[in-house]
Amino acid sequence: MKLRKVAAVVLIGMSLALGACGTKTASDADKKDIVVGFGVGTYEDQFRKGVLPILEKEGYKVDIKTFSQNMQVNPAMKEGSIDASVFQSTAYMEGINKELSTEMAALTFAPSAPQGLYSEKHTSLDEVKDGSIIAVPNDPVNQERAVRILESLGWVKVKPNAGTTDFNLESVEPGKYTLKLEALDSAQILVSLKDVDFGVVNGNYIANAKRKITEALKIEETPEQHRIIVSINKADQDAQWAKDLKAAYESKEFEDYIKSQGKYDGFIEPVAWSSN
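Just so we're aligned: the sequence shown equals residues 54 to 329 in my numbering.
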C-alpha cells in the first residue's frame with residue numbers, strides 16, 4: 054500500500070503548540086466517557102473500526118457524533134459538547150481559533166486523504182476549455198487548496214498576496230483558460246459532479262463513497278498544514294484520555310487496520326507510524 058510520510062517537523066510544531074493549557078479538574082482529566090466529533094466522510098469510519106476498539110479495551114465509553122456540515126463541529130467543541138474532533142487540518146483549525154476565539158490544539162495526525170480533481174463528464178484534463186465550470190469548496194482553507202491544484206495545471210493564476218485562512222475567489226485570475234469557479238460545501242461536490250465539468254473533492258469523501266483516490270485526474274501534493282489532525286482543547290492536553298486517544302491513533306494496531314483496507318490507498322501516513 055502506498056502511503057506518503059508526513060514530515061516529523063510538523064509533529065514537533067504540534068508539541069510546541071500544545072504548550073499552553075488551562076486548568077482541568079482531576080475528574081475531567083481521568084474521565085472514561087468521551088465524545089468525539091466528525092464531519093461527513095471516512096474519518097468517522099476510521100475511528101469507529103480502527104481506534105474505538107483500542108479505547109474500549111482500555112475501559113473508555115465513546116460517544117461518536119457525526120455532523121452534517123463541517124462548520125458545525127468546532128462550535129460544538131467551543132460549547133463543550135464534544136471533547137475531540139477528527140475532520141480538520143492545522144490551517145483550518147488555526148483560522149477557526151481566530152474566528153471563534155477558541156483555543157484548540159493538534160493532538161496528532163490521522164491518516165489523511167489528499168484533494169483531487171474529478172469529473173463525470175470528462176476523461177482527460179485536455180478537455181478543459183474556456184467557460185468550463187469547476188466546483189471548489191466554499192470554506193477558505195479547502196478552497197485555497199483546491200485552487201492551488203488548478204494553479205499547478207496552469208488553468209488559473211493566484212494573486213501573490215492571497216492568504217490561506219482568509220482565501221476567497223477574488224484572489225483567482227484567469228490562466229490558460231477563463232473558467233467559472235463554483236463554490237459549494239465540500240461534502241456536496243462529489244454528488245454535484247454531474248452538474249459541473251470538474252470538481253475538486255476532498256479525498257475522504259471519495260473513500261467514503263467506495264471510490265479510489267487514484268481515480269482523480271489530478272491529485273494534490275498535500276502541504277503539511279492541510280493534513281488531517283485530531284483536535285482537542287489546549288486545556289485537555291494533559292488529560293489521560295487525550296494521551297490514550299493519541300496513543301491509539303499512533304498505534305501499530307491502528308496502522309495495521311488502515312493498511313488492510315484498500316479504500317485507504319493513497320492516504321498520507323502519520324509520521325508516528327514510522328516508529329511502530
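Yeah, the Cβ is synthetic: ideal placement off N, Cα and C, and Gly gets one too.
{"Check": "Can you name the start and end residues of the alpha helix (DSSP H) that residue 135 belongs to?", "Outcome": "Neither: residue 135 is in no alpha helix (DSSP H) and is coded neither H nor E."}
{"Check": "DSSP state of residue 284, grouped into three classes?", "Outcome": "strand"}
{"Check": "Classify residue 214: buried if its beta carbon has 16 or more other beta carbons within 10 angstroms, exposed otherwise.", "Outcome": "exposed"}
{"Check": "Between residue 135 and the rest of its own chain, which residues show a CB-CB distance below 8 Å, the 5 nearest in sequence each way excluded?", "Outcome": "88, 89, 90, 118, 126, 129"}
{"Check": "Residue 161 and residue 299 look like a contact to me (Cβ under 8 Å); what is the Cβ gap, rounded to whole Å?", "Outcome": "5 Å"}
{"Check": "With H, G and I counted as helix, E and B as strand and the rest as coil, what does DSSP make of residue 226?", "Outcome": "strand"}
{"Check": "So, helix, strand or coil for residue 327, using DSSP?", "Outcome": "helix"}
{"Check": "So residue 302 packs on residue 163, CB below 8 Å; how close in whole Å?", "Outcome": "6 Å"}
{"Check": "Hey, quick one: how far does the alpha helix (DSSP H) through residue 269 stretch, first residue to last?", "Outcome": "Unbroken run through residue 269: none, as it is neither H nor E."}
{"Check": "Using three-state DSSP, classify residue 204 as helix, strand or coil.", "Outcome": "helix"}
{"Check": "Skipping 5 residues on each side, what residues in its chain have a beta carbon closer than 6 Å to that of residue 233?", "Outcome": "186"}
{"Check": "Identify every residue that forms a DSSP beta bridge with residue 190.", "Outcome": "237"}
{"Check": "Name the residue from 229, 114, 260, 312 whose alpha carbon lies nearest to the alpha carbon of residue 183.", "Outcome": "229"}
{"Check": "Using the Cβ count rule (16 or more neighbours within 10 Å means buried), how would you classify residue 231?", "Outcome": "exposed"}
{"Check": "On the DSSP letters alone, give me the boundaries of the beta strand (DSSP E) that residue 210 sits inside.", "Outcome": "209-211"}
{"Check": "Closer than 6 Å by C-beta to residue 95: which residues in its own chain qualify, once you throw out the five before and the five after it? Chain order, please.", "Outcome": "257, 260, 261"}
{"Check": "Can you tell which of 156, 173, 295, 226 has the C-alpha that lies nearest to the C-alpha of residue 249?", "Outcome": "173"}
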